[in-house]
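Trainee: Input: one structure, supplied below.
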Amino acid sequence: MEHITKYIEENQSRFLAELFALLRFPSVSADPKYKNDVLKTADFVAEKLKEAGAQNVEVCPTGGYPIVFGEKIVDPSLPTVLVYGHYDVQPPDPLDLWKTPPFEPTVRDGKIYARGACDDKGQFYMHVKAFELMDKTGSLACNIKFMIEGEEEVGSSNLGIFVKENKERLKADVVLISDTSMISLENPSLETGLRGLSYLEVEVTGPNRDLHSGVYGGAVANPATILAKIIASLHDENNHITIPGFYNDVQELSAQDREELNKAPFDEQEYKEDLGVDELWGEKGYTAIEHTGIRPTLEVNGIWGGYIGEGAKTVLPSKATAKISMRLVPNQSSDKITELFTKHIESITPKYVKVKVTPHHGGEPVVTPTNSVAFKAAEKAIEEAFGKKPIPTRGGGSIPIVSLFEQELGIKTVLMGFGLDSDNLHSPNEKLDIANFLKGIETIPLFHKYFAELSKS
Ligand code: BES
Ligand code: MN
Ligand code: MN
């Protein structure tokens, strides 16, 4: 333990300078205008892995952005930890809401503000630095492999192929991911599940062109109105989702499991104040912890149509569009839900308009085992570093490749996240507390140590 804190103390300013350099790359995978920056980020990550002591470092080309691989095999008889992370980030928009520019990392009040600070550059970089620490202090207890991808935020569509083609190279005993949240430094937690995702676009078309809303309005259905009605009908008065069959495969938790889950500290007042809302919303019969953890949801992510520029323009739009996502829980299937959604939308759309539903990416929900050697090692590591046993929680976000690792490689995952839900992931002013960054670097070597120890017995 002492060698860990000493190394971190002596090197923390360099660790932070390196993370800042990583955060300065605008590696937005969704927008082709950043293509060169994303590619440069992959090279930078590879360079840093090499410097940290990794071998066989390779920037592996895919049909999209490359996957950075690196490893250090200390002794084939030791267990192997496969670290997954992503170097791509979400678009920084809306830019005017950032207090400081998204790709100029700035420290305020002990927190690093930058796009990717938490999701996921700041978090996967903890593993790079923890690895450096273990390697330089001769304390590597496990073999380690890194797989850092550049397309997580756009659905990881090339990662599946890479995993299938590199099964031998990726062989490991556990996948370790820091790309989720914990409750707080005072209340460390470990996520034991993630929701799945089904993401679609709904386009409603009325007249064959935009019309003068005075000349034609009243005689022709307005696609924006129809789309709004369709969307509004997708929740009933109890905020249940109305798509027939939607809840068929939802796994209901036992009363005891629900009670356990709701023991996690949650201050509703603080939560509301942080978000600036007077009341919370949600499916009747469940708590806020359950709404975001074990219940499926349907959200509009974007909706547009007609004139959205400055001032007023009297127009009856020809088209209206919405991007809609559903978060899924065990044992719902992304493909099945996509199909149910499409059929339902088609069946409720009135004849005044035409509707087109286009699926985007999806992903399956997962639960991670809590009785495994790896989970116990994570619990012990957190308990030692934070002085408190971690609380098991269920995460609301999605990391679709977790189920893929299980399917293709037969390896289970441990979700050891060090960010906070309030770190503004995907929002303006994304941040990471420096204390969380350093705590992560301190906890990870302990995980390796306990994973090796517990694997032996
Ligand atoms: N790191 C997040 C997922 C996450 C965040 C899980 C916080 C649990 C807690 C990841 O980068 C992400 O944003 N995933 C997307 C899905 C992906 C297919 C675009 C998501 O959850 O929306
Ligand atoms: Mn992420
Ligand atoms: Mn993300």
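Numbering (my numbering), first residue to last: 16 to 472. Note that the Cβ used here is the ideal one computed from N, Cα and C, for glycine as well. Small disclaimer: the values here were computed from a predicted structure and weren't measured.
Pop quiz: Val372 and Thr357 are said to be a contact at Cβ under 8 angstroms. What is the actual Cβ separation, rounded to whole angstroms?
Mentor: Val372 to Thr357, Cβ: 4 angstroms. Contact.
Trainee: Quick one: measure Cβ to Cβ for His481 and Thr152, integer angstroms, because I've assumed they're closer than 8 angstroms.
Mentor: In this structure the chain extends from 16 to 472, so residue 481 is not present and cannot be described.
Trainee: So does His376 have its beta carbon nearer than 7 angstroms to some heavy atom of ligand 1?
Mentor: Flag set: Cβ of His376 near ligand 1.
Trainee: According to DSSP, is Glu218 helix, strand or coil?
Mentor: It is a strand residue.
Trainee: Please report the Cβ distance between Ser228 and Thr408, rounded to the nearest whole angstrom; I am assuming they are in contact, meaning their Cβ atoms lie under 8 angstroms.
Mentor: At roughly 49 angstroms, the Cβ-Cβ gap does not stay under 8 angstroms, so Ser228 and Thr408 are not in contact.
Trainee: Would you mind sorting Gly300 into buried or exposed? The rule is 16 or more other CB atoms within 10 Å of its CB.
Mentor: Burial call: exposed.
Trainee: Starting from the C-beta of Leu38, find all residues in its chain whose C-beta is less than 8 angstroms away, skip the five residues before and the five after it, and write them out in chain order.
Mentor: Counting only Cβ-Cβ distances below 8 angstroms, and skipping sequence neighbours, we find Phe118, Pro120, Ile127, Ala129, Arg130, Gly131, Ala132, Lys136, Gly137.
Trainee: Determine whether the beta carbon atoms of Pro380 and Leu209 lie at a separation below 8 angstroms.
Mentor: For Pro380 and Leu209, yes; Cβs fall inside 8 angstroms.
Trainee: Do the region 382 to 396 and the region 404 to 418 make contact, defined as three or more Cβ pairs closer than 8 angstroms?
Mentor: They touch, by the three-pair rule.
Trainee: With contact counted as at least three CB pairs below 8 angstroms, one residue from each stretch, are the region 241 to 258 and the region 315 to 334 in contact?
Mentor: Yes, the region 241 to 258 is in contact with the region 315 to 334.
Trainee: In the region 133 to 166, which residue ranges form an unbroken beta strand (DSSP E) of at least 3 residues, counting only runs that do not cross its ends?
Mentor: List check, beta strand (DSSP E) in window: 158 to 164.
Trainee: Grab the span of the alpha helix (DSSP H) containing Val74 for me, first residue to last.
Mentor: No alpha helix (DSSP H) contains Val74, which is instead part of the beta strand (DSSP E) from 70 to 75.
Trainee: Taking 7 angstroms as the cut-off, is the CB of Asp46 close to at least one heavy atom of ligand 3?
Mentor: Result no, Cβ not under 7 angstroms from ligand 3.
Trainee: Alpha helix (DSSP H) containing Tyr22: first to last residue?
Mentor: 17 to 38 is the extent of the alpha helix (DSSP H) around Tyr22.
Trainee: Beta-carbon separation of Phe432 and Arg342 under 8 angstroms?
Mentor: The sequence shown places Gly at residue 432, not Phe. No; because the gap between Cβ atoms is not below 8 angstroms, this pair is not in contact.
Trainee: By how many angstroms is the C-alpha of Glu166 removed from the C-alpha of Ala303?
Mentor: Rounded to whole angstroms, Ala303 to Glu166 spans 30 angstroms at the Cα level.
Trainee: Under the three-state reduction of DSSP, which class applies to Ile2: helix, strand or coil?
Mentor: Because the chain spans 16 through 472 in this model, residue 2 falls outside it and cannot be assessed.
Trainee: Around the C-beta of Pro311, are 16 or more other C-beta atoms found within 10 angstroms, so that it is buried, or is it exposed?
Mentor: By the neighbour-count rule (16 or more Cβ atoms within 10 Å), Pro311 is buried.
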